Ligand SMILES: Nc1ncnc2c1ncn2[C@@H]1O[C@H](COP(=O)(O)OP(=O)(O)O)[C@@H](O)[C@H]1O
Ligand SMILES: [Mg+2]
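Chains as they are written, first to last, in this note's numbering: chain A, 13 to 363; chain B, 2 to 270.
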């Protein structure tokens with residue numbers, strides 16, 4: 013049983029199933045409908061933040077442009093479905109391909125700009141996008157925003173609010189699985205190597221240029237998916253939404269949740285977005301301190317838990333295992349550890 | 002010294018020079034390494050040893066000269082034409098003087114990085130974790146475990162690389178080179194930071210690597226006992242220039258070498 017739960021796919025599916033029950037719980041009156049909407053939005057943010065986690069957590073590349081790409085995808089999807097009257101599927105494709113192409117171009121920039129300069133370069137791109145959102149009114153609706161209706165799948169299956177929520181949950185679970193596949197093996201090692209030691213990566217045959225573009229590509233694809241889901245779930249897109257604050261929020265999500273952790277990204281999004289929406293904002297006295305709480309959280313994590321919540325989980329389970337006295341942090345008994353044979357190590361691995 | 006025949010040569014460094022600002026770090030240096038030998042490069046600190054390694058592996062582009070690698074089938078490649086990440090595809094792999102590992106990853110994951118260029122995993126296959134990909138991962142992992150066992154650090158495989166003592170980290174770097182099926186392994190001060198017992202053990206391992214993996218080895222090392230013990234030929238350099246080349250015996254009795262080392266390492270044993 014434990015073994016099954018340790019399988020990442022099963023964990024993702026269990027999380028998905030738990031999230032799918034929320035509308036029923038709301039139906040029963042235990043939680044509010046608005047809570048479901050907040051969770052749906054949290055999931056949407058999780059997807060964009062996960063893209064940033066691939067970029068920053070795995071590859072060590074900073075981007076302050078996540079919100080810009082997310083917004084671009086939102087506007088494209090709204091425009092293609094509402095103004096051009098084309099099918100939702102076409103909108104999704106256009107809203108992923110165009111921003112991703114732009115994202116890969118920024119990836120090329122990353123070869124010229126390192127560290128903080130890359131951050132500034134991505135910020136400039138996002139600000140240019142925001143100017144477009146405000147000024148190219150035929151496309152974006154300008155300050156009054158762009159409207160979008162709920163997704164219509166395959167041209168006839170119009171989703172309502174709750175069905176759209178289900179779609180969001182399913183997309184999240186699929187993305188978790190795919191990103192897990194990509195990051196746990198060959199590509200994940202290449203990205204890790206690139207971050208850990210560029211010299212070692214190159215000596216081992218890793219083409220830095222190629223993997224930087226891949227990292228930017230993945231980050232933008234996820235930001236775009238997130239933007240599409242956002243505009244069809246929330247129903248509109250304002251230029252003010254896609255600002256630097258939102259990009260910084262994505263950064264904060266992975267700082268709090270944990271670099272390179274898929275679950276951590278979800279938890280980070282939950283803490284930074286859902287908690288303040290659900291627990292702070294409804295109480296008038298606390299509504300204004302939400303940004304303050306956010307700021308304090310970020311400082312605490314950077315100072316004391318630089319590996320985020322995902323790592324605290326590991327520390328707790330190590331501590332728990334040590335307390336049980338039987339096993340050390342790698343699940344091997346202490347007496348055995350000294351002279352493990354190869355077979356035993358493998359056995360431990362699969363256990 | 003008798004010049005080796007062409008087909009016996011694995012690496013040919015010819016008239017390589019590189020300067021940083023006004024400083025000539027490597028000055029018109031030439032040497033050849035025979036196939037399946039252990040070749041040592043010695044010289045005082047700052048002599049240009051790491052720089053020549055960087056010129057061979059294309060981390061630096063030499064200002065002039067050439068570096069040719071001759072495959073066992075006789076095919077000759079001018080390494081200077083290659084991009085740095087393509088050098089390993091010729092069968093040439095290196096370690097670094099200041100250990101370059103991914104500190105946050107486990108030892109086994111670090112070692113697996115060494116197999117990057119021998120694994121053929123298209124992105125789409127990885128995305129859907131196809132059976133072929135899983136088998137490839139599984140086999141590569143077994144190979145990595147075999148190498149870790151060969152280097153006596155298999156029991157540490159799940160430990161975080163950055164938290165390990167220096168000696169273990171050096172071994173992890175060597176393990177990583179072995180993952181790439183190398184023909185030429187370039188080691189930059191593999192014994193630095195090791196104690197006497199560890200150094201002896203390392204000498205033994207390097208010889209074994211040469212035989213078991215049928216590889217040619219080029220190394221820089223300050224520990225003269227190690228160099229004299231395991232190298233077939235040695236090249237001594239000082240201020241970027243070659244001052245002597247030959248067998249360990251010839252090098253030991255060479256007055257130029259003695260002079261270059263005086264006051265640096267004391268005397269040569
Ligand atoms: N990238 C670089 N930029 C400037 N100077 C360098 C660079 N790499 C090496 N040097 C200089 O070249 C000389 C040789 O260095 P190095 O090859 O590291 O010596 P060693 O023989 O100790 O390995 C030194 O004077 C060093 O400062
Ligand atoms: Mg050196």
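Note that CB positions come from ideal geometry on N, CA and C, so glycine has one too. As the structure is a prediction and not an experimental result, all values here were calculated from the model.
Within-9 Å CB hit, residue i to chain A
i: residue 218(B); result: no
i: residue 1(B); result: Any property of residue 1(B) remains undetermined from this structure, which presents chain B solely from 2 to 270.
i: residue 240(B); result: no
i: residue 165(B); result: no
i: residue 221(B); result: no
i: residue 128(B); result: yes
i: residue 252(B); result: no
i: residue 138(B); result: yes
i: residue 153(B); result: no
i: residue 83(B); result: no
i: residue 184(B); result: no
i: residue 113(B); result: yes
i: residue 95(B); result: yes
Cβ shell of residue i (< 6 Å), same chain only, five flanking positions each side left out
i: residue 28(B); result: 18, 241, 242
i: residue 187(B); result: 54, 95, 219
i: residue 89(A); result: 103, 107, 240, 243
i: residue 315(A); result: none
8 Å CB neighbourhood of residue i in its chain, flanking five on each side removed
i: residue 1(B); result: Past the edges of chain B, shown from 2 to 270, lies residue 1(B), and the structure says nothing about it.
i: residue 155(B); result: 146, 149
i: residue 127(B); result: 134
i: residue 236(B); result: 32, 40, 41, 42, 43, 243, 245, 246
Any chain B beta carbon closer than 9 Å to residue i
i: residue 202(A); result: yes
i: residue 198(A); result: yes
i: residue 205(A); result: yes
i: residue 209(A); result: yes
i: residue 24(A); result: no
i: residue 327(A); result: no
i: residue 184(A); result: no
i: residue 297(A); result: no
i: residue 226(A); result: yes
i: residue 175(A); result: no
i: residue 19(A); result: no
i: residue 86(A); result: no
i: residue 190(A); result: yes
Local Cβ density within 10 Å of residue i, reported as buried at 16 or more and exposed below that
i: residue 268(B); result: Confidence in residue 268(B) is poor, its pLDDT being 49 and thus under 50, which makes the residue's placement too unreliable to answer from.
i: residue 216(A); result: buried
i: residue 280(A); result: buried
i: residue 327(A); result: exposed
i: residue 123(A); result: exposed
i: residue 204(A); result: buried
i: residue 40(A); result: exposed
i: residue 234(B); result: buried
i: residue 46(A); result: exposed
i: residue 90(B); result: exposed
i: residue 23(B); result: exposed
Rounded distance between the beta-carbons of residue j and residue i, thought under 8 Å
i: residue 108(A); j: residue 237(A); result: 7 Å
i: residue 33(A); j: residue 286(A); result: Not really, about 16 Å apart at Cβ, beyond 8 Å.
i: residue 239(A); j: residue 322(A); result: Contact doesn't hold; Cβ gap of about 25 Å is too wide.
i: residue 79(B); j: residue 67(B); result: 6 Å
i: residue 50(A); j: residue 284(A); result: That belief does not hold up - the Cβ atoms of residue 50(A) and residue 284(A) are roughly 12 Å apart, past 8 Å.
i: residue 71(A); j: residue 199(A); result: About 10 Å; that fails the 8 Å criterion.
i: residue 70(B); j: residue 189(B); result: In fact, because the Cβ distance is near 18 Å, the residues do not count as touching under 8 Å.
i: residue 88(B); j: residue 174(B); result: The Cβ separation is near 16 Å, so there is no contact.
i: residue 238(B); j: residue 13(B); result: Rounded, the Cβ-Cβ distance is 17 Å, inconsistent with contact.
Own chain residues within Cβ distance below 7 Å of residue i, not counting five before or after
i: residue 100(A); result: 93, 163, 164, 165
i: residue 151(A); result: 87, 91
i: residue 177(A); result: 35, 48, 52
i: residue 305(A); result: 288, 292
i: residue 20(B); result: 26, 64
i: residue 29(A); result: none
i: residue 399(A); result: This structure cannot settle anything about residue 399(A), because the visible part of chain A is limited to 13 through 363.
Count the CB pairs spanning the stretch 226-242 of chain A and the stretch 113-124 of chain A that are closer than 8 Å, and state whether there are at least three. yes
Quick test of the definition: if touching needs 3 or more C-beta pairs under 8 Å, does the stretch 114-133 of chain B touch the stretch 158-171 of chain B? no
Is it a yes or a no for the stretch 246-259 of chain A touching the stretch 79-93 of chain A, going by three-plus beta-carbon pairs under 8 Å? yes
Does the stretch 58-77 of chain B touch the stretch 246-255 of chain B, meaning 3 or more C-beta pairs lie closer than 8 Å? no
Stretch pair the stretch 28-40 of chain B + the stretch 203-212 of chain B: three plus CB contacts closer than 8 Å: yes
Three or more C-beta pairs under 8 Å: does that hold for the stretch 153-160 of chain A against the stretch 241-248 of chain A? yes
For the structure I just gave you, are there three or more beta carbon pairs, one from the stretch 81-97 of chain B and one from the stretch 136-143 of chain B, closer than 8 Å? no
Do the stretch 55-64 of chain A and the stretch 175-191 of chain A make contact, defined as three or more Cβ pairs closer than 8 Å? yes
Please list the residues of the stretch 25-44 of chain A that have a C-beta atom closer than 9 Å to any C-beta atom in chain C, keeping them in chain order. Note that chain C does not occur in the displayed structure, where the protein chains are A and B.
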